Amino acid sequence: MSYLPLPPISLSRLQLSLHAEQDMWKKFGDMGLLGITASEKYGGLGLGYMEHTFVMEEISRASGSVALSYGAHSNLCVNQIVRNGNEAQKQKYLPKLISGDHVGALAMSEPGSGSDVVSMRLRADRKGDRYVLNGNKMWITNGPDADVLVVYAKTDINAGPKGITAFLVEKSMKGFNTAQKLDKVGMRGSNTCELLFEDCEVPGEAHLPFHPSSDGQAVAV
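The structure is reproduced here in structure tokens:
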């Protein structure tokens, strides 16, 4: 595969923050790189993981930081919605994520459990037609910039892997906040932060409807 004509990127500025390159997302969207595995009906390319891997490799040649943030957006967020979202969720979120108008992220890791999915402590309690999330997430790539996040939480603490559910959380939802932006040793151009959920109200229809034979842990990993 030939080298991709990637948008000009100031690597010195990216060592500090991707805030300096927010137009990068729109440029990637214009090139069709943010929805490689998504259907054309949502603005994607309708291709596969091999093509997505090629793009990741080419971006990594220029900057590992950009590739890390790109992967969190295009695979961990966009592709999760492609694989596990319902039609209404795909129509609502995918077009803006694929165009680069919105930035996506996935929130699974926590301070006390890392990426040990079953040990997570973020709770999602059903209250009428909504879920109320309480807890926090840590080391979330694209966290400071994300408009939409796939967030994993426990809906039943006694059900093990089957008690884990993913929710589509928007940055404007009540009770959701970003906390400390992490100053990392490496990959400094890829923005990472802690997320806080304090009685965060999420509509009932915002949970990802996994296939009945799956559980939240299986989808997460």
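Position one of the sequence shown corresponds to residue 1 (full-length UniProt numbering), numbered consecutively onward.
Beta carbons are placed, not taken as given, at the ideal position from N, Cα and C, and that holds for glycine.
Just so you know, these numbers come straight off a predicted model, no measurement behind them.
In this structure the stretch 112-130 does not touch the stretch 67-80; the number of beta carbon pairs closer than 8 angstroms is below three. If you ignore the 5 residues before and after V103, its C-beta comes within less than 7 angstroms of the C-beta of W25, H73, N142, D145, A146, D147, all in its own chain and listed in chain order. The alpha-carbon of M187 is positioned some 14 angstroms away from that of I59. 8 angstroms or more divides the Cβ of S99 from the Cβ of G46. Contact between the stretch 106-121 and the stretch 28-37 is absent: fewer than three C-beta pairs spanning the two stretches fall below 8 angstroms. CA-to-CA, the gap between F197 and A38 works out to about 29 angstroms.
Taken through DSSP and simplified to helix, strand or coil, V117 comes out as helix. In this chain, V185 is not harboured by any beta strand (DSSP E), its DSSP state being neither H nor E. By the CB criterion at 8 angstroms, E194 and M120 fall outside the cutoff.
For the pair M173 and V151, the CB atoms are not nearer than the 8 angstroms cut-off. Counting other Cβ atoms within 10 Å of its Cβ, G85 reaches 16 or more and is therefore classed as buried.
Between G204 and D129, the CB-CB gap stays under 8 angstroms.
For K41, there is no enclosing beta strand (DSSP E), since its DSSP letter is neither H nor E. Put simply, the backbone Cα of K181 is about 30 angstroms away from that of F54. Across the structure, P95 and D199 are spaced so that their CA atoms are roughly 29 angstroms apart.
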